[in-house]
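Chemist: Counting from 114, one number per residue, gives the positions in the sequence shown under the numbering used here.
The beta carbon of each residue, even a glycine, is placed where N, CA and C say it ideally should be.
Following this message is one structure expressed as structure tokens.
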Amino acid sequence: MRFSSFSIVILSALLAGPVAAQVVVQPPGAYRTAAAYHRRQPQPAGTDAFFPDKRGMVVVEVPQGARTTKLRIAPDSVWGFVNGKGRTTRLFRGNEYRLEYADTLCIYSSSNIMAGNDRNGTNLLVPGASAMGSFTSPRYFFSRGLTGLIFPLTMPYLREAYSVSNPAFVTSLADLRVDQSLVDFDRKTGLFRITTLYRASNGR
Numbered sequence: 114m115r116f117s118s119f120s121i122v123i124l125s126a127l128l129a130g131p132v133a134a135q136v137v138v139q140p141p142g143a144y145r146t147a148a149a150y151h152r153r154q155p156q157p158a159g160t161d162a163f164f165p166d167k168r169g170m171v172v173v174e175v176p177q178g179a180r181t182t183k184l185r186i187a188p189d190s191v192w193g194f195v196n197g198k199g200r201t202t203r204l205f206r207g208n209e210y211r212l213e214y215a216d217t218l219c220i221y222s223s224s225n226i227m228a229g230n231d232r233n234g235t236n237l238l239v240p241g242a243s244a245m246g247s248f249t250s251p252r253y254f255f256s257r258g259l260t261g262l263i264f265p266l267t268m269p270y271l272r273e274a275y276s277v278s279n280p281a282f283v284t285s286l287a288d289l290r291v292d293q294s295l296v297d298f299d300r301k302t303g304l305f306r307i308t309t310l311y312r313a314s315n316g317r
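Right under this line is the structure:
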């Protein structure tokens, strides 16, 4: 299933380069599944949503007459949420990932992942997290579709994910110049460089 039909909004720049984020325009609220997100059916719908509150819950602000009620939802019961500004966040293994581009190759950014060191427990939340260390600057990630595992957006992970299913895409990655980044953003096309390369390789 392709997600390229979503509307795209260009937002503020990320990192030091001229990279602009993009998110799909969706009704605010919590989304129980990726399929519900694709159908634009939040449950519950609201005017705003955020995570976490002091209880570690997803909060959806729902208008009731002249007032607003806050509905709290366990994060492990939702795929993600959309806030009042139309920004989509996917929740994966206890972490937040802002969805920058939705397609069969999804791009995310995150600035709040803390690396763990317990491989037998729950501290190591993201593959490769220990190598990256703790950080607050935005980092980029990817998944195969809206339900795939989320990995750091690096050449090794991309090669591992696509070497068999899309060798042409992997070959195109190897042709990048040293002054080019996977997340260089083209304002004319509304695409990241990696998305352009993926589409050119007939990625599905």
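Quick one: what does DSSP say S223 is sitting in, helix, strand or coil?
Modeler: Reduced to three states, the DSSP call for S223 is strand.
Chemist: Can you tell me whether P269 is buried or exposed, with buried defined as 16 or more other CB within 10 angstroms of its CB?
Modeler: Label assigned to P269: exposed.
Chemist: Looking at C-alpha atoms only, which residue of T284, P141 and P251 is the closest neighbour of V172?
Modeler: For V172, the nearest C-alpha among the options comes from P141.
Chemist: Strictly under 8 Å for the Cβ-Cβ distance: is L184 near chain C by that measure?
Modeler: Given the protein chain composition of this structure (a single chain), no chain C is represented.
Chemist: For the beta strand (DSSP E) that contains A147, what are its first and last residues?
Modeler: Run containing A147: none in the beta strand (DSSP E); it sits in the alpha helix (DSSP H), A147 to H151.
Chemist: Quick one: measure Cβ to Cβ for R252 and P265, integer angstroms, because I've assumed they're closer than 8 Å.
Modeler: Confirmed, Cβ separation roughly 7 Å.
Chemist: Could you name the residues of the same chain whose beta carbon sits closer than 8 Å to that of V283, not counting the 5 residues immediately before and after it, in chain order?
Modeler: L271, R272, Y275 and S276.
Chemist: Run the CB neighbour count on N196, radius 10 Å, all protein chains shown included, and call it buried at 16 or more, exposed below.
Modeler: N196 comes out buried.
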